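Protein chains in written order, with this note's numbering: chain A, 256 to 505; chain B, -13 to 263.
Heads up, the beta-carbon is just placed ideally off N, CA and C, and yes, glycines get one too.
The structure displayed is predicted, hence computed values, not measured ones.
Following: one structure in structure tokens, then a few remarks.
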Amino acid sequence: MEAIHPHGRTALVDGVSLTLHAGEVLALVGASGSGKSMTCAACLDVLPPGTRRVAGSVAIDGNVRTAFELRGRQVASILQNPRTAFNPVRSMREHVGESLRAIGRRGADARAEVTQAMRDAGLDDPERVLGLFPFEMSGGMLQRMMIALALVSRAPFIFADEPTTDLDLIVQREILDLLDRLKGERGLGILLVTHDMGVVARLADRVAVMEHGRIIETGGVMEIFHAPQHAVTRSLVAAHLSLYGLEDVA
Amino acid sequence: MSLLSARNVSRAYGRMSMLGRTRAHRVLDGASLDIATGETVALLGRSGCGKSTLARLLVGLDQPDTGEVLYEGRPLAHLSKTQWMELRRTVQMVFQDSVGAVDPRGTIGSVIAEPLRNLCGLSVSEIRPRVAELLSAVGLGPDVAHRHPHQMSGGQLQRVCIARALAPQPRLIILDEAVSNLDLHLQIQMLELFADLRRARGVSYLFVTHDLRLVERFCSRVLVMDAGRIVEDTPVSSALVLSSPAGRALQEAILPALPPSPARPTSLKMATPIEAR
């Protein structure tokens, strides 16, 4: 994909290929501006104005799918800032209705599934929460609601773009535990975009490292932390460990 | 004397509903703090504990219901117009939500020029080189001055907000989760920039965060907040140990440094004890 501007075009994501398996968390890491979020947006064709996808395809089990087929059906998204992801003048019930309409589901069993998904996402009193508006909910509750909506979509894959960056440490731990549990229980394949190697250490099975729009290293989480190959990966891990006073360990 | 202090401030927010005004929710409940010149204080707490409200009161964006905020010993409520202007210039704030903190229709250059024009009275010809200088301080090129906020990544825009806060050469910068959206290299780079300014010009910082990992690196004192009160005030030592229940809960939620090791260890180095810093 590339950015179009008055002086010409710049490639922002350049020939990135990734494979995400069901039941695993693949972390996409890299410096800000390295193209992590753009890679996700290009997959789903939700690129911001002034950018466009010029090449590439997404296949599920070998079958090429359009972005329209993927979005909300095969791939659900969890965004960084839950407060801006919800419509401020609509209740949770209306958000659920919109999500169900988008995938053409209705009826009592769909509603029962919503209640179950909300419980699975750690919202213990679904009926009360459905009546709430975004401003009546904390960031952690909204993020749980976004995860519940992702579950309701029954999409087998989730793109989670910095899902816990705006949450406090304690809620962050709860949300990461939740994603880990859902990965196991529902066999979800999660593409986790993050800049926090602590989140990677907690949740990821495999890691892909990006720089300047390219993937420069992919490996299992243990290899990435203990035997990083590329200089960028090494400095990423070293900077992370320095936060813990572990500079000399890696 | 403290540069900025809060004395027993309380603040409640009323909530409006279809049935009218409901019972007020008390966000701050008699909180007090002092920030001295050149001091870096961490304000730590869970979301919803009142950190951001306290920060807003400290810069005069909002007034406490009871208690007072003092700037160099003078209550904000009794500041003259010139003193207000001085407060506006010398105390700067960087918010967490960078997108909401800039004018989406302005260019990056105009965002940073605003305090230079309004608070420092610089002329048009003086502003341009100063903007370039500020952008370079936060690791951005002078060419981004012509861009609009939507053409910037979240991390770039946050650095623009930091540049804007540095613009009027403040004496105190309140960082409300201001670096938590940045990647680690940039976080460390920004903290080093702040530390340089502290050494060179005695700038003070109030570092509002929930990420304890950065606190030990950057701050000299930690305040832990819970339910609208300051529940702990501890100097940062080499091994920071918080004793209040709220502080302990935050400390226990720190993410692991390394992935959980498999049953059979793969690396001997992992077993090395933490080296002294």
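DSSP three-state assignment for residue i, whether helix, strand or coil
{"i": "B:N104", "result": "helix"}
{"i": "B:A262", "result": "The predicted model places B:A262 with a pLDDT of 41, which falls under 50 and marks its position as unreliable; any figure quoted below should be read in that light. If DSSP states are grouped into helix, strand and coil, B:A262 belongs with coil."}
{"i": "A:D269", "result": "coil"}
{"i": "A:M293", "result": "helix"}
{"i": "A:V426", "result": "helix"}
{"i": "B:A22", "result": "coil"}
{"i": "A:V462", "result": "strand"}
{"i": "B:F193", "result": "strand"}
{"i": "B:V80", "result": "strand"}
{"i": "B:R75", "result": "helix"}
{"i": "A:M401", "result": "helix"}
{"i": "B:D182", "result": "helix"}
{"i": "B:L254", "result": "Reliability fails at B:L254, whose pLDDT of 45 lies under 50, so the model's placement of it is uncertain and the value that follows must be treated cautiously. B:L254: helix per DSSP, three-state reduction."}
{"i": "B:I94", "result": "helix"}
{"i": "A:A505", "result": "Caution is warranted here: a pLDDT of 44 is assigned to A:A505, below 50, making its placement in the model unreliable, and no coordinate value can be reported."}
Proximal residues of chain A, C-beta to C-beta of residue i below 8 angstroms
{"i": "B:I240", "result": "L424, G453"}
{"i": "B:S33", "result": "S393, G394, G395, L422, D423, V426"}
{"i": "B:I174", "result": "A494, S497"}
Backbone CA spacing between residue i and residue j [nearest angstrom]
{"i": "A:D364", "j": "A:L406", "result": "14 angstroms"}
{"i": "A:I315", "j": "A:L299", "result": "13 angstroms"}
{"i": "B:I21", "j": "A:G352", "result": "49 angstroms"}
{"i": "A:G475", "j": "A:E417", "result": "20 angstroms"}
{"i": "B:G188", "j": "B:R157", "result": "7 angstroms"}
{"i": "B:S223", "j": "B:E202", "result": "8 angstroms"}
{"i": "A:A415", "j": "B:T26", "result": "34 angstroms"}
{"i": "B:S190", "j": "B:R(-7)", "result": "19 angstroms"}
{"i": "B:V208", "j": "B:A41", "result": "15 angstroms"}
{"i": "B:G127", "j": "A:P303", "result": "22 angstroms"}
{"i": "B:V45", "j": "B:R74", "result": "8 angstroms"}
{"i": "B:A149", "j": "B:A164", "result": "12 angstroms"}
{"i": "B:S(-9)", "j": "B:T23", "result": "11 angstroms"}
{"i": "B:C147", "j": "A:R366", "result": "44 angstroms"}
{"i": "A:R308", "j": "B:T76", "result": "46 angstroms"}
Beta-carbon neighbours of residue i, restricted to chain A and to distances below 7 angstroms
{"i": "B:R91", "result": "Per Cβ cutoff of 7 angstroms: no residues; B:R91 is ~14 angstroms from chain A at best."}
{"i": "B:H196", "result": "D423, L424"}
{"i": "B:P245", "result": "A456, V476, M477, F480"}
{"i": "B:D169", "result": "A286, S287, H450"}
{"i": "B:S166", "result": "T420"}
Residue i: contacting residues in chain B (beta-carbon distance under 7 angstroms)
{"i": "A:G288", "result": "S139, G141, Q142"}
Span of the alpha helix (DSSP H), counted from its first residue to its last, around residue i
{"i": "B:V201", "result": "198 to 204"}
{"i": "A:F323", "result": "322 to 325"}
{"i": "B:T39", "result": "37 to 44"}
{"i": "B:A149", "result": "140 to 152"}
{"i": "A:G285", "result": "Unbroken run through A:G285 is the beta strand (DSSP E), 280 to 285; no alpha helix (DSSP H)."}
{"i": "A:A314", "result": "Premise fails: A:A314 lies in the beta strand (DSSP E), 313 to 315, not in any alpha helix (DSSP H)."}
Interface partners of residue i on chain B, CB under 9 angstroms
{"i": "A:G305", "result": "H136, Q137"}
{"i": "A:A365", "result": "Chain B residues near A:A365: none, gap ~28 angstroms exceeds 9 angstroms."}
Residue i - containing beta strand (DSSP E), residue span
{"i": "B:L209", "result": "207 to 212"}
{"i": "B:E218", "result": "215 to 221"}
{"i": "B:R(-3)", "result": "-10 to -1"}
{"i": "A:A415", "result": "412 to 416"}
{"i": "A:E382", "result": "Where A:E382 is concerned, there is no enclosing beta strand (DSSP E), although the alpha helix (DSSP H) it sits in stretches over 381 to 385."}
Closer than 9 angstroms at the beta carbon, the chain A residues around residue i
{"i": "B:L236", "result": "D423, L424, I425"}
{"i": "B:R199", "result": "G453, L498, Y499"}
CB contact check: residue i to chain C, cutoff 8 angstroms
{"i": "B:R42", "result": "Here the protein chains are A and B, and chain C is not one of them."}
Self-check item: Residue ranges of each beta strand (DSSP E) within the segment 459 to 500 of chain A, 3 or longer
Solution: 461 to 466, 469 to 475
Quiz prompt | Complete runs of the alpha helix (DSSP H) confined to the segment 332 to 374 of chain A [at least 4 residues] | solution = 337 to 340, 347 to 357
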